[in-house]
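Everything in the sequence shown is counted per my numbering, starting at 14 for the first residue and increasing by one.
Before any comments, here is the structure.
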Amino acid sequence: MSAEAKPLGGLRVLVPRGGTWGDLVSKALREQGAHTVIAPLVDFSHTSEEDKLVEALKELEAGRFDWMTATSSTVADVLAHHNAVIPPETKVAVVGEATAVAFRDAGYHITRTPVRENSTHALLEEWSEIDTDERLRVLTLRSDVAIPVLTQGLMSRGHDVTQVLAFRTVGVPASVHIREDIESGRINALLVASAKIAEQVAEQFPELSEDTIVACAGANTLEAAAALGLPTEADDPAHPLYASKRALIETVESVIDQSDMLD
């Protein structure tokens with residue numbers, strides 16, 4: 014099948030995150046016929062809880078946690094940056110394909126990932142060890158903008174949870190070249206994968222062509238985008254761009270769970 018005949022043929026898509034996440038999303042989109050441009054609109058900065066993080070990583074290395082969790086590939090980068098050691102006796106639960114790939118690439122072991130679907134809710138349902146009488150000590154590492162689904166789920170089951178904001182998500186200005194390509198319509202689709210990215214799109218590209226697809230992945234993202242006034246016309250099934258937009262969103266969500274979308 015030619016690129017033009019594939020569901021995303023004719024689209025040149027801005028992928029707003031780099032790293033493992035950006036690589037996986039770009040590969041999936043290209044397989045469906047899209048041309049991709051990785052141009053991060055967000056990046057990651059040191060946490061405001063650095064002292065707490067350092068102390069938690071010391072406890073992790075000492076084997077004081079039964080489990081640790083991660084729902085973002087950036088957690089693997091944070092661990093590697095701190096030369097953190099996860100002892101063999103500490104089990105690791107992760108959500109998201111990008112997260113799993115990043116952990117393995119960094120040399121960290123993984124004990125559990127959800128089977129039914131790659132989501133935090135599926136992990137909580139399938140994680141048999143957390144539904145026994147044993148009170149587990151768990152370390153959860155996440156972004157400052159992430160919704161603490163796992164943390165809350167574990168605490169509600171009576172476990173001893175140490176939650177740490179491992180990194181902050183900050184906006185990144187797009188290059189002049191990227192802005193020109195968006196304004197001219199050369200880039201004709203923008204992937205919006207978190208509320209933070211929605212903020213950056215609204216701020217950096219205030220006047221988008223009516224033919225530019227703004228594809229929001231995840232309910233939280235869609236809600237934030239609507240509040241910011243990002244275009245939603247193509248959400249109407251009668252709109253000529255509807256099929257392309259749905260195919261774009263479905264392709265992204267097939268490889269990246271919403272829990273790995275920063276919020």
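Yeah, the Cβ is synthetic: ideal placement off N, Cα and C, and Gly gets one too.
DSSP has residue 218 in a bridge; who is on the other side? Along the sequence shown, read from residue 1 onward, the residue named residue 218 stands at position 205. Note: residue 218 sits in no beta bridge, so no partner.
Can you tell me the Cα-Cα spacing of residue 35 and residue 228, whole angstroms? The residue labelled residue 35 in the question sits at position 22 within the sequence shown. The residue labelled residue 228 in the question sits at position 215 within the sequence shown. If you take the alpha carbons of residue 35 and residue 228, they lie about 15 Å apart.
Roughly how many angstroms separate the alpha carbons of residue 69 and residue 219, rounded to a whole number? Residue numbering aside, residue 69 sits at position 56 when the sequence shown is read from its first letter. Residue numbering aside, residue 219 sits at position 206 when the sequence shown is read from its first letter. For residue 69 and residue 219, the distance between alpha carbons rounds to 41 Å.
Out of 251, 204, 167 and 188, point me to the one whose CA is closest to residue 176's CA. Translated into positions along the sequence shown, residue 176 becomes position 163. Checking every option, the nearest Cα to that of residue 176 belongs to 167.
For residue 65, which residues in the same chain have their Cβ closer than 6 Å to its Cβ, ignoring the five residues on either side in sequence? Your numbering for residue 65 matches position 52 in the sequence shown. Excluding sequence neighbours, residue 65 sits near 177.
Residue 276, DSSP secondary structure in three states: Here residue 276 refers to the residue found at position 263 of the sequence shown. Low local confidence applies: a pLDDT of 35 at residue 276 is under 50, so the model's placement there is unreliable, with the coordinate-based value given in what follows. The answer is coil: DSSP assigns residue 276 none of H, G, I, E or B.
Tell me, to the nearest whole angstrom, how far the beta carbon of residue 33 is from that of residue 114; I am working on the premise that it is less than 8 Å. Start at 1 with the first residue of the sequence shown, and residue 33 comes out as number 20. Start at 1 with the first residue of the sequence shown, and residue 114 comes out as number 101. Right, their Cβ atoms sit about 5 Å apart.
Flag this pair as yes or no: are the beta carbons of residue 87 and residue 206 separated by less than 9 Å? Working through the sequence shown from its first residue, we reach residue 87 at position 74. Working through the sequence shown from its first residue, we reach residue 206 at position 193. Not a contact, by the Cβ cut-off of 9 Å.
If residue 211 and residue 254 are in contact, beta carbons under 8 Å, what's the gap, nearest whole angstrom? Working through the sequence shown from its first residue, we reach residue 211 at position 198. Working through the sequence shown from its first residue, we reach residue 254 at position 241. Contact flag wrong, Cβ pair sits at about 18 Å.
The beta strand (DSSP E) spanning residue 104 covers which residue range? Looking up residue 104 in the sequence shown gives position 91. Residues 104-107.
Please confirm if the region 99-107 is in contact with the region 75-87, defined as three or more CB-CB distances below 8 Å between the two stretches. yes
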